[in-house]
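In my numbering, the protein residues as written are 2 to 220.
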């Protein structure tokens with residue numbers, strides 16, 4: 002059985018277990034017939050089947066606008082994964098194996114029900130963009146400062162009152178969005194991130210006292 006056939010068989014199992022019509026499944030194979038991209042939408046099941054871990058050549062996985070509440074530990078077997086989009090679901094927690102993905106660059110978890118980000122996020126050393134908007138986060142771990150390649154960090158519409166000083170270690174950061182959070186801001190600038198490069202500026206809307214951005218001035 003070819004690799005393509007194995008991957009197609011696995012996808013067929015996923016589609017069956019998720020009760021999805023084929024029209025909402027988008028797959029892309031590389032020249033060696035490995036499945037490298039999989040897009041699933043409108044999943045009614047609250048869980049993602051463990052078989053997802055068998056698609057070990059995946060580089061991009063999108064399961065968006067669905068009703069997922071659980072992600073299996075087997076997600077950690079996707080060691081080539083670079084993009085993971087799980088936005089617009091009902092996730093309250095994530096498996097520890099997710100934070101061990103060595104090649105992950107883009108992680109979208111916005112519009113879920115997450116209440117915390119674990120310290121293990123610091124293991125995602127290659128992540129470039131992290132989208133956590135519209136969750137129920139109240140604090141961020143100091144380990145977020147270990148994401149030295151992070152360029153975009155989106156935290157809008159959460160319950161954050163403070164930001165960790167370790168954000169100042171993010172020398173690659175170009176965009177920081179914290180709109181619609183009850184941040185305690187004592188002056189014009191957000192105190193915890195004064196060490197960002199000078200080409201970046203931090204501002205807030207005085208009207209709501211709860212939003213701020215950093216962006217490259219000459220973009």
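Just so you know, even glycine gets a beta-carbon here, dropped at the ideal spot from N, CA and C.
Asked	Found
Need the endpoints of the beta strand (DSSP E) that residue 42 sits in, please.	36 to 42
What first and last residue would you give for the beta strand (DSSP E) that runs through residue 64?	61 to 65
Residue 46 to residue 183, Cα distance in whole Å?	34 Å
Sorted by chain position, which residues of the same chain lie with C-beta nearer than 7 Å to residue 42's C-beta, five sequence neighbours on each side aside?	25, 65, 66, 67
Look up residue 98 in the DSSP assignment and say whether it is helix, strand or coil.	helix
My guess is that residue 100 and residue 124 are in contact by the Cβ rule of under 8 Å, so how many angstroms apart are they, rounded?	5 Å
Could you give the DSSP three-state label for residue 168: helix, strand or coil?	helix
Would residue 175 and residue 153 qualify as a contact pair, given that the criterion is a beta-carbon distance under 8 Å?	yes
If distances are taken between C-alpha atoms only, which option among 163, 158, 148, 179 comes closest to residue 172?	148
Quick one: grab the DSSP three-state call for residue 132.	strand
For residue 135, count the other beta carbons within 10 Å of its own beta carbon; 16 or more makes it buried, fewer makes it exposed. Which is it?	buried
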